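Everything below concerns the one structure shown next.
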Amino acid sequence: MDDLRIDGQRLRERFDAFNEIGATEAGGVDRPALSDANREARDRLLDWFEEAGLSVTVDEMGNIFGRRDGNRECLPPVLFGSHVDSQYNGGRFDGVVGVLGALEVVESLNDAGRRTDRPLEIVSWTNEEGVRFQPDLLGSGVFAGKFDTEFAHSREDQAGKTVEEELERIGYKGDRPCEPRDIHRYFELHVEQGPYLDDRDLSVAAVEGVFGFSWLEVTFEGKADHAGPTPMDSRQDALVGASDVVAAVRRLTATGGDDLVGTVGSVDVWPDSINVIPEVVEFTVDLRSADDAVVDAAVERVRDEIEWAATREGLDYDCEELMRVDAATFDDDCVGTVLAAMREAGYEETQLTSGAGHDASYLNDVCPTAMIFVPSVDGVSHRESEFTEWEDVVAGVDVLGRAVVKSATV
Ligand code: HGY
Ligand code: MN
Ligand code: MN
């Protein structure tokens, strides 16, 4: 890889131009999956992929692939990339570093006039975040055979729009089937989104696996009534039930397993009026651990807490599991290739497990997979102030390029 130079300036200009799309006042981005901003971002990627000489295909889930021929076209490709859909008020680095970093590796190979033995494919996955359409990791999930296309296309946002309608509306419902195919290896560069690397002043790490997680959607139904005359002992207050479960999730994570984390991130109250007892409350629970048994036990415990809270307050309830992705342990050889690339580039060999979910979790069921992390300053992510020092981004892309070239050399 020594004859390859990552052009940090070119990458920085591209990164800044890309993040003008859907930019928010506070310096973040608002590019939820299949939104107009997401379409504009996709259009920009297609232009850049084509300018870099890649042959571009879009599959029926809107996943975008850019292929660079190898000397031995008959061999399965090395695939690398990430996602460009964002949280509603998300950071500029989450996902984008992996897609534009992959493009920069291709540009650096073009600059060096170098063709790898294996073909290369870079990818931008649809709906990684799962904020507008659940479940998350939808595009990579169909690619890995976790969901069928019909299910994925039918998923609706809060306005009742389906994934299929929105793919058609923005012009990204491709013809290519979205299904597992022969891939040699998958690599994903991503910001860590936690404090580990930043606390240790490290620039890059190999990722050896990803937490498993469950998303629950809970509905409590009580009775709306007047906030004044209704006696306290005759109320059926859906928000009291929900609050009990929110507190239980926090308590549970203190004892359920040393790496267990739990979050209630979204709550809707109806009728949401200052002087009406809440009748319906819908909320979500996100439970994660590197150990699937810990996640399973936590889900069972939360289901019990929901039932107990409903009984105490006289509520009806429903609890649906929106998604369950198993913990992923990446392929030793693949992780070893990343560590060798780090060694070659002069970085201290560090590896860690990701608490954030990634498309790589599903690719891990298709082919040998590994990830590369670069630090998030103060561990911040899924917030507009998300930041990674530029020299760390370039370090990550350098390691990505070395790992990809090693894997693409026969
Ligand atoms: O939820 C996650 O960890 C990812 O950002 N979709
Ligand atoms: Mn991400
Ligand atoms: Mn994210």
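According to the working numbering, the sequence shown is numbered sequentially starting from 5.
For glycine and all other residues, C-beta sits at the position ideal for the given N, C-alpha and C.
Please read all numbers here as calculations on a predicted model, not as lab measurements.
Extent of the continuous alpha helix (DSSP H) run through residue i
i: cysteine 323; result: No alpha helix (DSSP H) holds cysteine 323; the beta strand (DSSP E) holding it covers 320-329.
i: threonine 357; result: Careful: threonine 357 lies outside any alpha helix (DSSP H), inside the beta strand (DSSP E) at 355-358.
i: serine 365; result: 363-367
i: lysine 410; result: 394-411
i: aspartate 241; result: Note, aspartate 241: premise wrong, no alpha helix (DSSP H); not H, not E.
i: methionine 65; result: No alpha helix (DSSP H) holds methionine 65; DSSP gives it neither H nor E.
i: histidine 386; result: Note, histidine 386: premise wrong, no alpha helix (DSSP H); not H, not E.
i: glutamate 347; result: Here residue 347 turns out to be arginine, not glutamate, going by the sequence shown. Unbroken alpha helix (DSSP H) run through arginine 347: 336-348.
i: threonine 153; result: 153-158
i: valine 280; result: It is not in any alpha helix (DSSP H) - valine 280 carries neither H nor E in the DSSP assignment.
i: arginine 173; result: 167-173
Assumed close pair residue i, residue j - CB separation to whole angstroms, cut-off 8 Å
i: serine 385; j: glutamine 197; result: 4 Å
i: alanine 210; j: leucine 343; result: 5 Å
i: leucine 38; j: leucine 206; result: Leucine 38 to leucine 206, Cβ: 36 Å. No contact.
i: leucine 79; j: histidine 188; result: 7 Å
i: glycine 74; j: arginine 119; result: 6 Å
Delimiting residues of the beta strand (DSSP E) encompassing residue i
i: aspartate 290; result: 284-293
i: phenylalanine 69; result: 68-72
i: arginine 374; result: Note that residue 374 is alanine in the sequence shown here, rather than arginine. Taken as a continuous stretch (DSSP letters only), the beta strand (DSSP E) holding alanine 374 covers 373-378.
i: glycine 266; result: 265-267
i: valine 306; result: Per DSSP, valine 306 belongs to no beta strand (DSSP E); it is in the alpha helix (DSSP H), 296-317.
i: aspartate 272; result: 271-274
Whole-angstrom distance between residue j and residue i, CA atom to CA atom
i: valine 289; j: arginine 328; result: 12 Å
i: aspartate 161; j: aspartate 140; result: 12 Å
i: leucine 8; j: valine 195; result: 23 Å
i: aspartate 335; j: glycine 245; result: 43 Å
i: valine 208; j: alanine 407; result: 13 Å
i: leucine 83; j: isoleucine 68; result: 12 Å
i: glutamate 405; j: valine 222; result: Note that residue 405 is glycine in the sequence shown here, rather than glutamate. In a straight line, the C-alpha of glycine 405 is about 44 Å away from that of valine 222.
i: asparagine 23; j: glycine 99; result: 12 Å
i: glutamate 154; j: lysine 177; result: 13 Å
i: glutamate 325; j: glutamate 111; result: 42 Å
i: glutamate 304; j: alanine 30; result: 39 Å
i: tyrosine 190; j: glycine 102; result: 12 Å
i: glutamate 311; j: valine 298; result: 20 Å
i: aspartate 186; j: glutamate 17; result: 34 Å
i: cysteine 323; j: aspartate 296; result: 20 Å
i: leucine 356; j: isoleucine 281; result: 47 Å
i: alanine 302; j: glycine 260; result: 7 Å
i: tryptophan 394; j: valine 88; result: 18 Å
i: alanine 314; j: serine 238; result: 14 Å
i: arginine 173; j: methionine 65; result: 13 Å
i: valine 3; j: lysine 410; result: Beyond the ends of the chain as shown, which are 5 and 414, falls residue 3; an answer cannot be given.
i: glutamate 57; j: phenylalanine 19; result: The displayed chain sequence assigns glycine, not glutamate, to residue 57. Approximately 19 Å, taken between the alpha carbons.
i: proline 235; j: arginine 307; result: 29 Å
i: valine 143; j: tryptophan 129; result: The question names valine, yet the displayed sequence has glycine at residue 143. Answer to the nearest angstrom: the Cα atoms are 5 Å apart.
i: valine 381; j: glycine 175; result: 36 Å
i: alanine 252; j: valine 127; result: 40 Å
Residues near residue i in its chain [Cβ-Cβ closer than 7 Å; skip 5 each side]
i: glutamate 54; result: Val60
i: glycine 359; result: Gly198, Phe215, Val265, Arg292
i: valine 250; result: Val268
i: isoleucine 25; result: Arg35, Ala41, Glu44, Ala45, Arg48
i: glutamate 317; result: Gly226, Gln240, Asp241, Val244, Gly245
i: alanine 148; result: Pro184, Tyr366, Leu367, Asp369, Val370
i: alanine 27; result: Val33
i: histidine 157; result: Thr166, Val167, Glu168
i: aspartate 330; result: Gly216, Asp296
i: proline 181; result: Asp63, Glu64
CB contact check: residue i to chain D, cutoff 9 Å
i: aspartate 363; result: In the structure shown, chain D cannot be found, because there is only a single protein chain.
Close-in-space but distant-in-sequence residues of the same chain around residue i (CB under 8 Å, 5 per side omitted)
i: aspartate 337; result: Pro372
i: glutamate 77; result: Pro123
i: isoleucine 10; result: Glu108, Val109, Ser112, Val398, Val401, Asp402, Gly405
i: histidine 362; result: Ser86, Glu132, Leu141, Glu192, His194, Val214, Met375
i: asparagine 279; result: His230, Ala231, Gly232
Close-in-space but distant-in-sequence residues of the same chain around residue i (CB under 6 Å, 5 per side omitted)
i: threonine 333; result: Gly213
i: glycine 32; result: Asn93, Gly94, Gly95, Glu388
i: valine 125; result: Sequence inspection shows glutamate at residue 125; the valine mentioned does not correspond to that position. Cβ within range, chain order: Phe69, Arg71, Pro81, Leu83.
i: glycine 134; result: Asp140
i: valine 271; result: Phe287
i: phenylalanine 151; result: Gly145
i: glycine 400; result: Leu193, Val208, Ile376, Val378
i: valine 284; result: Glu225, Ala242, Trp274
i: threonine 413; result: Asp121
i: aspartate 320; result: Glu225
i: phenylalanine 97; result: Val195, Glu390, Thr392
i: aspartate 248; result: Ala313
**Request:** Let me know the beta strand (DSSP E) ranges lying completely inside the stretch 79-148, each 3 residues or longer, listed in chain order.
**Result:** 82-87, 124-129
**Prompt:** At which residue ranges does the stretch 178-237 contain complete alpha helix (DSSP H) runs of 4 or more residues, listed in the order of the chain?
**Reply:** 200-203
**Message:** Please give the ranges of any alpha helix (DSSP H) in the stretch 7-63, keeping only runs that are unbroken, at least 4 residues long and fully inside the region.
**Reply:** 12-22, 40-55
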